[in-house]
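Participant: What the sequence shown shows, in our numbering, is residues 230 to 885, in sequence order. Using N, Cα and C, we set each Cβ at its ideal position, and we do this for glycine too. None of these values were measured; they are calculated from a predicted model. Mind having a look at this structure? Questions to follow.
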Amino acid sequence: MSTRKSTRKKLANAIAKLLKQVVKLSQAITKPLMRWLLRSLFILHRRSRVATAGFVLPTAIMVTLVVTLLVTAIVLRSFDRVKNASNYRVNQAVFNAAAPAIERAQAKLEALFEDPTLPRSTPSEEALENAFNSSKYNFGDETRLLLKDEDSQGNESTIDTAWRFPVDTDNNGKFDSYTLYGIYFKSPDPLDLDANKKIKPRTPLQARTPPMGESADSNKCPLAANTSASLVDNSGWFRSGSKLKKSIFVYTATVPIVAGDTLPDNNTYETYKGEAGFSALEYQQDRARIPLANNAIVYEDDLQITPGSGIQINGRVFTNGNFLTGNGNNQYFQVSSPESCYYTEENSKIVVGGNMAFGRVDQDEDQDGGKIHLFNGKEVPAVVELKKNDKSVNEPPNEIGNNSRAFTARINALVTAQLGNPDGTDPDEVFERYKNFTGDERDKQRNKALETYFKDRTRRVPYGEVGPEVDLTANPPKATPQGKGDELRPQDDWIFPYDPGTSNSNNGLTLNIRGNTLSPAATEPSKQQGEGKELKIGDRVLIGHGLPAQWWDDTAGAGDFQGARAPQEIDGDNVKWNDSEENRFRTTQVTPLSDLGDTDRNGFWEIAAARQPVQPLEGYGGLRVVTGAGIYVDDDEYYDAGRTNGIPNYFLWSSG
């Protein structure tokens with residue numbers, strides 16, 4: 230029994246093991262089989278979409294690629310923007326540091342061309358260079374620099390019209406850069422020719438180009454720029470249209486102080502921090518002068534045009550005194566016809582240092598003034614009558630005219646008062662004119678220099694202020710000069726015909742103010758220039774109301790003398806330009822003229838005679854006779870080099 234049970238148990242265990250193996254085998258067979266079946270079914274399913282195969286994947290790849298490139302571009306651009314912003318900040322800081330140098334150069338040029346040490350005529354390059362040598366052109370924080378250039382032949386040229394000053398570009402209180410700037414105004418010498426007998430090319434120390442011409446912009450004279458009108462003489466000025474012009478260039482650069490540079494001191498200077506930047510600026514300014522020969526009439530004192538039957542005048546009229554026209558038949562034409570090369574607005578101006586009146590200086594009633602032609606662009610000039618209400622002041626002609634004796638008496642009084650002071654109190658421009666003389670000649674030259682100085686700063690005296698009946702010998706004017714040195718000047722009521730900024734008169738003449746406008750009517754200057762036409766009488770007749778050539782201006786706090794470019798308001802908000810809300814102003818119209826009666830050694834005539842002309846039609850050169858010292862002649866017999874192109878060679882001949 231027991232043996233039978235044991236046999237059954239073994240059989241059951243064997244069957245159980247067999248079943249387990251069968252189950253494992255079935256599982257092992259089922260998984261691969263199921264995977265194969267599913268794969269087969271999936272493939273069959275994809276075959277049903279074979280027509281749309283190849284669209285999704287390329288599209289996905291393309292979108293991914295575009296997005297990737299876009300993101301990459303944005304990232305790279307962000308890096309560039311950061312770099313550009315950094316560079317911009319550096320450039321802006323350096324530019325802001327360099328820009329003040331242009332302003333300094335502009336201020337120096339304004340002072341240079343108002344410099345009383347320059348000759349009264351158009352100054353030569355030598356005269357400009359000599360004027361620049363004055364220490365007044367060195368500002369307080371500046372160091373003057375010497376610039377050198379050497380050509381291919383080893384010839385060296387220099388200029389010293391360059392300066393350097395320190396700047397603080399990051400505003401931390403310490404200088405970290407230097408701004409350098411130079412003024413270049415020289416032109417090639419027309420007498421200095423190369424081997425081909427041509428004017429040598431410009432050097433780095435000269436102005437880069439000639440002045441900008443007018444003829445090239447005009448349809449009337451397109452070929453004028455290529456004629457002798459553009460030739461330059463040895464003074465360095467070019468003829469351009471109706472003007473003499475000179476081009477002036479200013480170059481400025483700001484250079485950082487880097488490691489290794491010597492610092493003046495460690496308290497106020499430091500090396501530049503951050504990215505080093507370099508900024509260079511170029512500025513061109515063309516200066517223009519009106520040649521004296523461009524004027525049909527030039528007069529130092531009152532210009533009185535009152536002929537019995539009238540007169541016709543073409544062109545430009547200039548007077549440092551009053552303009553008195555007293556005949557209804559007078560006609561003031563433009564310089565020429567609108568088709569002429571000479572037909573420009575500037576060539577027909579009537580420039581009046583004093584006032585405009587209608588009648589003779591001995592008449593106590595106004596007369597008819599005549600007719601005036603106004604520049605009208607390319608059109609026929611407009612003709613306007615000069616009516617009695619167009620005069621610049623209310624008084625009659627016999628009060629407007631200038632009392633030359635009274636003016637001379639004031640100048641003598643001012644000179645006498647200053648001669649009583651030590652010569653150390655004289656202005657620099659006065660001292661420069663007599664410093665090389667000694668003894669009696671020094672006193673004579675000082676007297677003469679002071680006379681010229683005060684003439685430029687003293688207004689004229691009308692008869693309405695000092696009549697012809699006044700005995701100036703018994704009652705001489707009393708001078709009380711103000712200031713000393715370069716601030717020396719007459720008392721204010723001898724400078725200003727009207728108190729600055731008001732219509733309060735110092736000369737006995739009242740301005741012809743009607744409502745809120747002043748006679749003669751005039752257009753606001755910038756508007757008139759934009760129009761390119763003379764719309765009012767005052768656009769052609771420029772009136773200075775007697776303001777002297779140099780007048781004292783202390784409106785900005787620091788007093789200084791002003792010249793032709795500086796405006797002086799008539800009466801603040803009370804007087805406007807016609808058809809404008811801008812306050813009307815005056816500028817001085819007085820231009821000091823060379824003393825044509827000067828017969829002294831080194832005077833006007835001697836200098837004009839000794840000056841060697843370059844162009845055949847220049848008004849220089851001639852016979853100069855110096856009594857007891859010899860005769861200057863232009864004779865080839867005494868000169869080995871011979872004459873060139875008709876230009877005389879001057880030679881000093883003496884009898885022993």
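1) Tell me whether the region 711-727 and the region 684-694 touch, counting them as touching only if at least three CB pairs, one residue from each stretch, are closer than 8 Å.
2) Ordered along the chain, which non-local residues of its own chain (more than five positions away) have a Cβ less than 7 Å from that of residue 375?
3) Quick check on the burial criterion: 16 or more other C-beta atoms within 10 angstroms. Buried or exposed for residue 405?
4) If residue 555 and residue 604 are in contact, beta carbons under 8 Å, what's the gap, nearest whole angstrom?
5) To the nearest angstrom, how far is the alpha carbon of residue 595 from that of residue 523?
6) To the nearest angstrom, report how far apart residue 520 and residue 540 are at their CA atoms.
7) Helix, strand or coil: how does DSSP classify residue 807 here?
8) Should residue 632 be labelled buried (16 or more other beta-carbon atoms within 10 Å of its own) or exposed?
9) Thinking C-alpha only, which one of 661, 767 and 332 is nearest residue 579?
10) Taking the alpha carbon of residue 325 as the point to measure from, which residue in 479, 357, 510 and 403 has its own alpha carbon closest?
11) Which same chain residues, not among the five before or five after residue 697, have their C-beta less than 8 Å away from its C-beta?
12) How big is the Cα-Cα spacing for residue 353 and residue 516?
13) Excluding the five sequence neighbours on either side, which residues of its own chain have a C-beta within less than 6 Å of the C-beta of residue 532, listed in chain order?
14) Taking the alpha-carbon positions, what's the residue 535 to residue 589 distance?
15) Residue 543 and residue 471 - do their beta-carbons sit closer together than 8 Å?
16) Tell me, to the nearest whole angstrom, how far the beta carbon of residue 584 is from that of residue 622; I am working on the premise that it is less than 8 Å.
17) Entirely within the region 308-379 and at least 3 residues each: give me those beta strand (DSSP E) ranges in chain order.
18) Using a Cβ cut-off of 8 Å (strictly closer), state whether residue 750 contacts chain D.
19) Use the C-beta contact count for residue 736: other C-beta atoms within 10 angstroms, 16 or more gives buried, fewer gives exposed.
20) Take residue 742 as the anchor and find which of 489, 482 and 802 has the nearest alpha-carbon.
21) Using beta-carbon positions only, say whether residue 819 and residue 630 come within less than 8 Å of one another.
22) Within a Cβ cutoff of 6 Å, which residues of the same chain sit near residue 571, ignoring the five residues on either side of it in sequence?
23) At what residue ranges does the region 713-753 contain a whole run of the alpha helix (DSSP H), taking only runs of 4 or more?
24) Just the Cα atoms here: how many angstroms apart are residue 835 and residue 348?
25) What do you reckon, are the CB atoms on residue 562 and residue 602 nearer than 8 Å?
26) Excluding the five sequence neighbours on either side, which residues of its own chain have a C-beta within less than 8 Å of the C-beta of residue 635, listed in chain order?
27) Looking at the structure shown, is residue 616 part of a helix, part of a strand, or coil, going by DSSP?
28) Look at the Cβ atom of residue 805, then the Cβ atom of residue 815, and state whether they are nearer than 8 Å.
29) How many Å lie between residue 327 and residue 754 at the Cα?
30) Looking at the secondary structure, which residues open and close the alpha helix (DSSP H) in which residue 400 lies?
31) Which two residues bound the contiguous beta strand (DSSP E) that contains residue 411?
32) Does DSSP put residue 456 in a helix, a strand or coil?
33) Looking only at its chain, what residues have a beta carbon closer than 7 Å to the beta carbon of residue 644, apart from the 5 residues adjacent to it on each side?
34) What span of residues does the alpha helix (DSSP H) with residue 682 cover, start to end?
35) Can you find the residues in the same chain that come closer than 7 Å, C-beta to C-beta, to residue 627, ignoring five residues on each side of it along the sequence?
36) Could you compute how far the alpha carbon of residue 726 sits from the alpha carbon of residue 794?
Facilitator: Looking at the coordinates:
1) A contact exists between the region 711-727 and the region 684-694.
2) Start at 1 with the first residue of the sequence shown, and residue 375 comes out as number 146. 387 and 389.
3) Start at 1 with the first residue of the sequence shown, and residue 405 comes out as number 176. Buried, by the Cβ-count rule.
4) On the sequence shown, position 326 is the one that residue 555 refers to. On the sequence shown, position 375 is the one that residue 604 refers to. Distance from residue 555 to residue 604 at the Cβ level is roughly 24 Å; contact not present, criterion being Cβ atoms closer than 8 Å.
5) Within the sequence shown, the letter at position 366 stands for residue 595. Within the sequence shown, the letter at position 294 stands for residue 523. Computed Cα separation, rounded: 30 Å.
6) Within the sequence shown, the letter at position 291 stands for residue 520. Within the sequence shown, the letter at position 311 stands for residue 540. Cα-Cα distance, rounded: 24 Å.
7) Start at 1 with the first residue of the sequence shown, and residue 807 comes out as number 578. In the structure shown, residue 807 sits in a strand (DSSP, three-state: E or B).
8) Taking the first residue of the sequence shown as 1, we reach residue 632 at position 403. Result: buried.
9) Position 350 of the sequence shown, counted from the first residue, corresponds to residue 579. Residue nearest to residue 579 within the set 661, 767 and 332 is 767 (criterion: CA-CA distance).
10) Within the sequence shown, numbered from 1, the residue matching residue 325 stands at position 96. Per the Cα distances, 510.
11) Here residue 697 refers to the residue found at position 468 of the sequence shown. Taken in chain order, the residues that qualify are 632.
12) Sequence index remark: in the sequence shown, residue 353 carries index 124 (1-based). Sequence index remark: in the sequence shown, residue 516 carries index 287 (1-based). If you take the alpha carbons of residue 353 and residue 516, they lie about 13 Å apart.
13) Position 303 of the sequence shown, counted from the start, is the residue given in the question as residue 532. Here residue 532 has 548 and 552 as same chain residues with Cβ atoms under 6 Å from its own Cβ, once five neighbours each way along the sequence are excluded.
14) As a position in the sequence shown, residue 535 is number 306, starting the count at 1. As a position in the sequence shown, residue 589 is number 360, starting the count at 1. Answer to the nearest angstrom: the Cα atoms are 7 Å apart.
15) Within the sequence shown, the letter at position 242 stands for residue 471. Within the sequence shown, the letter at position 314 stands for residue 543. Going by beta carbons, residue 471 and residue 543 fall outside the 8 Å limit.
16) Taking the first residue of the sequence shown as 1, we reach residue 584 at position 355. Taking the first residue of the sequence shown as 1, we reach residue 622 at position 393. The pair is a contact, with the Cβ atoms about 5 Å apart (cut-off 8 Å).
17) As far as the region 308-379 is concerned, its whole beta strand (DSSP E) runs of at least 3 residues are 372-379.
18) Going by chain labels, chain D is absent from the structure shown, which holds only one protein chain.
19) One-based indexing of the sequence shown puts residue 736 at position 507. With 16 or more other Cβ atoms within 10 Å, it is buried.
20) The sequence position of residue 742 within the sequence shown is 513, counting from 1. Closest option to residue 742, judged by alpha-carbon separation, among 489, 482 and 802: 802.
21) For this step, residue 819 is matched to residue 590 along the sequence shown. For this step, residue 630 is matched to residue 401 along the sequence shown. Taking 8 Å as the Cβ cut-off, residue 819 and residue 630 do not qualify as a contacting pair.
22) By 1-based counting over the sequence shown, the position of residue 571 is 342. 564 and 565.
23) Listed in chain order, they are 721-724.
24) Here residue 835 refers to the residue found at position 606 of the sequence shown. Here residue 348 refers to the residue found at position 119 of the sequence shown. The alpha-carbon of residue 835 is positioned some 14 Å away from that of residue 348.
25) Residue numbering aside, residue 562 sits at position 333 when the sequence shown is read from its first letter. Residue numbering aside, residue 602 sits at position 373 when the sequence shown is read from its first letter. Note that the C-beta distance between residue 562 and residue 602 is below 8 Å.
26) Working through the sequence shown from its first residue, we reach residue 635 at position 406. So the qualifying residues of the chain are 690, 694, 695, 699, 701 and 706.
27) Taking the sequence shown and counting its residues from 1, the one referred to as residue 616 is at position 387. Coil at residue 616, not helix or strand.
28) Walking along the sequence shown from the start, residue 805 turns up at place 576. Walking along the sequence shown from the start, residue 815 turns up at place 586. In this structure, residue 815 does not lie closer than 8 Å to residue 805 by Cβ.
29) Taking the sequence shown and counting its residues from 1, the one referred to as residue 327 is at position 98. Taking the sequence shown and counting its residues from 1, the one referred to as residue 754 is at position 525. When the Cα atoms are used, residue 327 and residue 754 turn out to be separated by approximately 31 Å.
30) As a position in the sequence shown, residue 400 is number 171, starting the count at 1. It is not in any alpha helix (DSSP H) - residue 400 carries neither H nor E in the DSSP assignment.
31) For the purposes of this step, residue 411 is taken as the residue at position 182 of the sequence shown. Residues 406-413.
32) Position 227 of the sequence shown, counted from the start, is the residue given in the question as residue 456. Confidence is the limiting factor: at residue 456 the pLDDT is only 40, short of 50, which leaves the residue's position unreliable and the question unanswerable from this model.
33) Indexing the sequence shown from 1 puts residue 644 at position 415. Only 676, 679, 680 and 683 meet the Cβ criterion.
34) The residue given as residue 682 occupies position 453 in the sequence shown. Here the alpha helix (DSSP H) through residue 682 covers 668-684.
35) Sequence index remark: in the sequence shown, residue 627 carries index 398 (1-based). If the five residues before and after residue 627 are omitted, its C-beta is found closer than 7 Å to the C-beta atoms of 590, 591, 592, 593 and 692, all from its own chain and listed in chain order.
36) Reading the sequence shown from its first residue, position 497 is the one you call residue 726. Reading the sequence shown from its first residue, position 565 is the one you call residue 794. Each residue's CA atom was taken as its position, placing residue 726 and residue 794 some 18 Å apart.
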